[in-house]
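Just below is one structure, and these are the notes that go with it.
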Amino acid sequence: MTSKSDIEQLFRSNYGPMLVLARRLVHDDETARDIVHDVFAALISSPVAEVTQAYLLTGVRFACLKHLRSLSVRERVASLLALELSDIADNEWPDEDDIRRIRTVVGSLPERTRQIVMLRFSAALKYSEIARELSISEVAVYKHLKEALNVLRQNFHCNDR
Numbered sequence: 021m022t023s024k025s026d027i028e029q030l031f032r033s034n035y036g037p038m039l040v041l042a043r044r045l046v047h048d049d050e051t052a053r054d055i056v057h058d059v060f061a062a063l064i065s066s067p068v069a070e071v072t073q074a075y076l077l078t079g080v081r082f083a084c085l086k087h088l089r090s091l092s093v094r095e096r097v098a099s100l101l102a103l104e105l106s107d108i109a110d111n112e113w114p115d116e117d118d119i120r121r122i123r124t125v126v127g128s129l130p131e132r133t134r135q136i137v138m139l140r141f142s143a144a145l146k147y148s149e150i151a152r153e154l155s156i157s158e159v160a161v162y163k164h165l166k167e168a169l170n171v172l173r174q175n176f177h178c179n180d181r
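This is how it looks when you write it as structure tokens:
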């Protein structure tokens, strides 16, 4: 059973590493702090017999992943393209020029990469589903998507208005 004084001690000794992990995963200081605090709040509300640093870090990791899954597609795209949401007005992005640029860039990708991008973002398939459909590994799917996103980032950063 974990008492409040035990949780306070755990907080003092593990807050730093937990916050670093959360920041690396969500790329937002305020959200990272909220996630770490939520992990400790969960400990208070439903005590665990033994709490280790690994247990706490795993809790932060899962809470971050849950947070990232809950983000809207618009927020995910902005995050992937390293854009600030404040720079994207709802009625302005993507505008027709940006859509044309995205289509041009995606159209210039190698056939397999283009096919994977379309399955991922148009059909909203998971990596495992894409891998199964194309008879390739999930790692190959990841590499193709990573390359496509790098090309998109380069195109949008080099051609900023």
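Count along the sequence shown from 1, add 20, and you get the number used in the numbering used here. Even glycine gets a Cβ: it sits at the ideal position worked out from N, Cα and C. A quick note: this is a predicted structure, and the numbers were derived from the prediction, not measured.
Item to complete: Let me know if H177 comes out buried or exposed under the rule of 16 or more other beta-carbons within 10 Å of its beta-carbon.
Response: Position 157 of the sequence shown, counting from 1, holds the residue named residue 177. The residue is exposed, with fewer than 16 neighbouring Cβ atoms inside 10 Å.
Worksheet item: Alpha carbon to alpha carbon, what distance is there between V46 and F82?
Response: Start at 1 with the first residue of the sequence shown, and residue 82 comes out as number 62. Start at 1 with the first residue of the sequence shown, and residue 46 comes out as number 26. Each residue's Cα considered, the two are about 12 Å apart.
Discussion item. Just verifying my parser: in three-state terms, what is the DSSP assignment at I150?
Written reply: Residue mapping note: residue 150 aligns to position 130 of the sequence shown, counting from 1. Helix, per DSSP.
Practice prompt. Please list, in chain order, all residues of the same chain as R175 whose beta carbon is under 7 Å from its beta carbon, the five residues on each side excluded.
Written response: Position 155 of the sequence shown, counting from 1, holds the residue named residue 175. One detail in the question is off: residue 175 reads as Asn in this sequence, not Arg. Result list for N175: R121, V125, in chain order.
Item to complete: Determine the burial state of G79: buried for a count of at least 16 other Cβ atoms within 10 Å of its Cβ, exposed for fewer.
Response: Numbered from 1 along the sequence shown, position 59 holds the residue referred to as residue 79. So G79 counts as buried.
Discussion item. Tell me the DSSP secondary structure of M21 in three-state form.
Written reply: Position 1 of the sequence shown, counting from 1, holds the residue named residue 21. The predicted position of M21 is uncertain, since its pLDDT is 45 and thus under 50; no value can be drawn from it.
Item to complete: Leaving aside the five residues before and after L41 along the sequence, list all residues of the same chain whose C-beta is less than 8 Å from its C-beta, in chain order.
Response: To locate residue 41, count along the sequence shown from 1; it is residue 21. Closer than 8 Å at the Cβ level, and outside the excluded window around L41, lie L77, V80, R81, C84.
Worksheet item: When the distance is taken between beta carbons, is I150 closer than 8 Å to V159?
Response: By one-based count along the sequence shown, residue 159 stands at place 139. By one-based count along the sequence shown, residue 150 stands at place 130. Cβ atoms of V159 and I150: not closer than 8 Å.
Item to complete: Just the C-alpha distance for I55 and N34, rounded to the nearest angstrom, thanks.
Response: Taking the first residue of the sequence shown as position 1, residue 55 is located at position 35. Taking the first residue of the sequence shown as position 1, residue 34 is located at position 14. In a straight line, the C-alpha of I55 is about 14 Å away from that of N34.
Discussion item. Let me confirm a value: V68 is counted as buried when at least 16 other C-beta atoms fall within 10 Å, else exposed. Which label applies?
Written reply: Here residue 68 refers to the residue found at position 48 when the sequence shown is read from its first residue. Exposed: under 16 other Cβ atoms inside 10 Å.
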